[in-house]
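Asks:
There are 2 protein chains.
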Amino acid sequence: MSGLLAGLRIVEGSAFIAAPLGGMTLAQLGADVIRFDDIHGGLDSDRWPVTRDGRSIYWAGLNKGKRSIAVDLRKPKGRELLAALITAPGEGAGIFTTNMPARGWLAHEELAKKRADLISLNIVGDRHGGAHVDYTVNAITGFPLVTGPADHEGPVNAVAPPWDLATAYAGAMAILAAERHRRLTGEGQRILLPLQDMALAATSALGYIGEAAINDVDRQRHGNEIFGTFGRDFRTRDGRWVMICIFSDRHVDALAAAGGFRQKFAEIERHRSVDLKTDAGRWQVRAELCAVIEPWVAAHTAAEVGAALKEAGALWAPYQSFRELARDKEAVLDNPMFTVLDQPGIGRYPAAATPLQFGAVTREPPRPAPLLGQHTDEILSGILGLPAHEIARLHDQKVVGGPR
Amino acid sequence: MSGLLAGLRIVEGSAFIAAPLGGMTLAQLGADVIRFDDIHGGLDSDRWPVTRDGRSIYWAGLNKGKRSIAVDLRKPKGRELLAALITAPGEGAGIFTTNMPARGWLAHEELAKKRADLISLNIVGDRHGGAHVDYTVNAITGFPLVTGPADHEGPVNAVAPPWDLATAYAGAMAILAAERHRRLTGEGQRILLPLQDMALAATSALGYIGEAAINDVDRQRHGNEIFGTFGRDFRTRDGRWVMICIFSDRHVDALAAAGGFRQKFAEIERHRSVDLKTDAGRWQVRAELCAVIEPWVAAHTAAEVGAALKEAGALWAPYQSFRELARDKEAVLDNPMFTVLDQPGIGRYPAAATPLQFGAVTREPPRPAPLLGQHTDEILSGILGLPAHEIARLHDQKVVGGPR
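These protein sequence lines map, in sequence, to chains A and B.
The numbers in the numbering used here rise by one with no breaks, and the one at position 147 of the first sequence is 147.
Plus 1000 on top of the position in the second sequence (first one is 1) and you've got the numbering used here.
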């Protein structure tokens, strides 16, 4: 292992997105991440999307580069093996992350009896330990009522799960913060990260709670417009959409140059007494700006609009579908972050390495996700030091399993 | 400073969300994070939402607990001071994060001449250094075309910015990974994190690129339904909405108990030959499940529905607005993560500390965001060791400024 985090070992009892993605993030930086699952599969082993044979593309995406051990979680012997694995000796070992209920044998206090400097990250739904998923915490944050078409009634859910993503990366960060503390003081600890608190803290950071409390207003639904500056989707002559934004002075000039709007923009400024180089000015006259931009985009193809915006250095992007993305040369096929991976049971498709480029190490290409229990034997032998006949007996007794 | 990251110092030249939020994340864990801005304010100094006086609630939310130094970035002397600050000696110092163009005097190579073990995190738009924001990378990922009402034509933008959030926390993690490497080897490095690659790597992890490439299908727009299992919004008698989901066996039973659906669920299973305890089974008969749940929710108030779902242990949540959230006892007012902060120039409102609870340290309440240049003098004196008359001269020459 040549990555930046070589020497770290994380044992993970996880399902769905936040915990597995956090672990994968560390695995892609070179940590040895071992995911354990029940011998019959985890909650997300068959999660959609799946191949036509029912193999989970979802699972494969979130567990790349990990090792997998499959154990019967109901059998005392299975639990004993996992507790030994979690608390195995080694300077960079003794790190455990889970979003399973961290009670009984999985409780930090219980595991810490075997290794006092254990670090546990317990990802939970809310601060009381209640169940939540991205969709339910999202409802509470307030975002679904301001997402979607301006004239739409009712909530619009997020498809890209913001709170799972935040929890995954913040959790991975927390592991490194705790490992630093342990390195400096010798002290382990339990870290509690509630998905709901993650969402609420981010909602607070983004100013939504402050705005509601201070101005005593509810943010309105503005469709695809970017609140407080300028940005919106526009439709091209050939029925495509482009997102066009202004975040700085430079973007005003670039957009004006791309569409030949300089004079019209100046007229809007004069007529409405606003400065398009300010957020407030752009927001105030956004309808007038759209009235200038819309006919230009509608009169040209996406290729023509894109070429003009790109040439001028405007802030913009084309909308595309996932299938178009999977074939996008610039974003995927020619992007050195992606490698065509041969994922056992699924097939060959482009998969991403870490988006982080560290100067001190070469970025490793993505490695396939393991089959369930693919590394059961090498982990029992290599980390727990069990002899071959003992491992065979555990298989016979159906205490451990895999690969399947 | 008593936080987990006490002893770390990060100097940040940033604007908008990803870079400031990453820095704030580390500040809320106890690091000394110094944000520098141009003496006239940064790109986001007046970013909306703002108070009625035009004070940025946005800026206050993303810079809590940092110190601020204001410097004329165009003056050579101003740049010299900042380069000295970024590369100041100290074991935990010499860490720089920016999403400004890291060229010239801000380039890692240039700064590393003054401190060889410098760590720089450069957040950029795309891997070529081009400009992007959450809205433009989101268009490219494919998510806007599957978000929003099933019958809607055209893209639906995210309001909660998933890629900024991911970049913020992954960037904070990267800083700690690089600091670990420096502690172990003495070596600094530049870290490059393109916002677009962050979004594409997460889209890959979530299986969307794999699904498109392997199954050669485009994910359809499913409105508020959760793809591949069961979950949707429902409207109550009093015109509120609730999100109800099923992610596990337990949630099936709980939902059935809450609404008295046991027999109807069994009939659906028999009639359609599906198993509601599988993701695929629930997804296949989702219309039938909705036909059972919908009239029950529509016949009761939100309070009644919520009480029944809560009592039964179902996976659900009420939708609410930001103003309702700001007054929500459970989520905000009684949540120990929140403190009513007195933010100079803005007022008193609930603001969140870190969502992470570390066993080894007490969570610190959130601290206000600084005024622009509030700590200019103490930083010039305390870190750069400048005498008072020199600092006064820098103010007179308008090389430094603040507070304002």
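Ideal Cβ positions, reconstructed from N, Cα and C, are used throughout, including at glycine.
Pro366(A) and Gly30(A) - do their beta-carbons sit closer together than 8 Å?
Replies: no
Asks: Considering Tyr135(A), what are the terminal residues of the alpha helix (DSSP H) in which it resides?
Replies: Asp134 to Thr141
Asks: Is the Cβ of Glu1187(B) closer than 8 Å to any Cβ of chain A?
Replies: Taking 8 Å as the CB threshold, Glu1187(B) lines the interface with chain A.
Asks: Taking the C-alpha atoms as reference points, what is the distance between Ser1014(B) and Val124(A)?
Replies: 32 Å
Asks: Is Ala1060(B) buried or exposed, if buried means 16 or more other CB atoms sit within 10 Å of its CB?
Replies: buried
Asks: Flag this pair as yes or no: are the beta carbons of Ile1010(B) and Ile1379(B) separated by less than 8 Å?
Replies: At the C-beta level, Ile1010(B) and Ile1379(B) stay beyond 8 Å of one another.
Asks: Please list, in chain order, the chain A residues whose beta carbon lies closer than 7 Å to that of Trp1296(B).
Replies: Chain A residues near Trp1296(B): none, gap ~18 Å exceeds 7 Å.
Asks: Could you tell me the distance, in whole angstroms, from the CA atom of Ile1017(B) to the CA atom of Tyr1135(B)?
Replies: 12 Å
Asks: Is it right to say Ala1287(B) is buried, meaning 16 or more other beta carbons lie within 10 angstroms of its own, or is it exposed?
Replies: With fewer than 16 other Cβ atoms within 10 Å, it is exposed.
Asks: Relative to the alpha-carbon of Gly998(B), which residue among Phe1358(B), Ala1158(B), Pro1403(B) and Thr1354(B) has its alpha-carbon at the smallest distance?
Replies: Chain B is shown only over 1001 to 1404; residue 998(B) falls outside these bounds and no answer can be derived.
Asks: So with Cβ pairs under 8 Å, would you call Ile1034(B) a contact of chain A?
Replies: no
Asks: Which residues does DSSP pair with Trp1241(B) in a beta bridge?
Replies: Arg1235(B)
Asks: Can you tell me the Cα-Cα spacing of Met1(A) and Phe1358(B), whole angstroms?
Replies: Reliability fails at Met1(A), whose pLDDT of 46 lies under 50, so the model's placement of it is uncertain and the value that follows must be treated cautiously. So the two alpha carbons sit approximately 29 Å from each other.
Asks: For Leu1082(B), tell me which candidate among Leu1384(B), Ala1302(B) and Gly1231(B) has the shortest Cα-Cα distance.
Replies: Leu1384(B)
Asks: For the stretch 237-251 of chain A, enumerate the residues whose C-beta is nearer than 7 Å to any C-beta of chain B, in chain order.
Replies: If you check each beta-carbon in the stretch 237-251 of chain A against every beta-carbon of chain B, the ones closer than 7 Å belong to Trp241, Met243, Cys245, Phe247 and Ser248.
Asks: Quick one: using the 10 Å Cβ neighbour count with 16 as the cut-off for buried, is Val1217(B) buried or exposed?
Replies: exposed
Asks: So the beta strand (DSSP E) Ala70(A) belongs to, where does it begin and stop?
Replies: Arg67 to Val71
Asks: Check whether the Cβ atoms of Gly345(A) and Arg55(A) lie closer than 8 Å to each other.
Replies: Cβ distance < 8 Å, so Gly345(A) and Arg55(A) count as in contact.
Asks: Quick one: which chain A residues come within Cβ less than 7 Å of Val1285(B)?
Replies: Neighbours of Val1285(B) on chain A: none; closest Cβ ~15 Å, over 7 Å.
Asks: For the stretch 1227-1236 of chain B against the stretch 151-164 of chain A, do three or more pairs of beta-carbon atoms, one drawn from each stretch, fall closer than 8 Å, so that the two count as touching?
Replies: yes
Asks: State yes or no: is the beta carbon of Arg367(A) nearer than 8 Å to at least one beta carbon in chain B?
Replies: no
Asks: Note down the Cα distance separating Gln1028(B) from Asp1396(B), rounded to an integer number of angstroms.
Replies: In this model, Gln1028(B) and Asp1396(B) are separated by some 34 Å (Cα to Cα).
Asks: Let me check one thing: in DSSP terms, what residues is Gly401(A) bridge-paired to?
Replies: Paired residues: Ala70(A).
Asks: Note down the Cα distance separating Phe1261(B) from Trp1316(B), rounded to an integer number of angstroms.
Replies: 16 Å
Asks: By Cβ distance, which residues of its chain are closer than 6 Å to Gly1007(B), with the 5 residues on each side in sequence left out?
Replies: Gly1092
Asks: In chain order, which continuous runs of the beta strand (DSSP E) of length 3 or greater are located wholly inside the stretch 266-335 of chain A?
Replies: Within the stretch 266-335 of chain A, the complete beta strand (DSSP E) segments at least 3 residues long are 315-318, listed from N- to C-terminus.
Asks: Is Gln1220(B) buried or exposed, if buried means 16 or more other CB atoms sit within 10 Å of its CB?
Replies: exposed
Asks: With DSSP run on the structure shown, which of helix, strand or coil describes Leu1081(B)?
Replies: For Leu1081(B), the secondary structure class from DSSP, reduced to helix, strand or coil, is helix.
Asks: I need the straight-line Cα distance from Leu1004(B) to Gly188(A), nearest angstrom please.
Replies: 12 Å
Asks: Assign Ser362(A) to one of two classes, buried (16 or more other C-beta atoms within 10 Å of its C-beta) or exposed (fewer than that).
Replies: For clarity, residue 362(A) is Thr in the given sequence; the question names Ser instead. Its Cβ having fewer than 16 others within 10 Å, Thr362(A) is exposed.
Asks: 8 Å is my cut-off, CB to CB: does Leu21(A) come that close to chain B?
Replies: yes
Asks: Check whether the Cβ atoms of Ala1201(B) and Ala1258(B) sit closer than 8 Å, and answer yes or no.
Replies: No. Outside cutoff.
Asks: When you compare the stretch 1073-1087 of chain B with the stretch 1034-1043 of chain B, are there three or more beta-carbon pairs, one atom per stretch, that lie closer than 8 Å?
Replies: yes
Asks: Which term fits Gly1373(B), buried or exposed, when burial requires 16 or more other beta carbons within 10 angstroms of its beta carbon?
Replies: The C-beta of Gly1373(B) has 16 or more other C-beta atoms within 10 Å across all chains shown, which makes the residue buried.
Asks: Have a look at Glu110(A) and Gly104(A) and give me their C-alpha separation to the nearest angstrom.
Replies: 7 Å
Asks: According to DSSP, Ser56(A) sits in a beta bridge with which residue or residues?
Replies: Val50(A)
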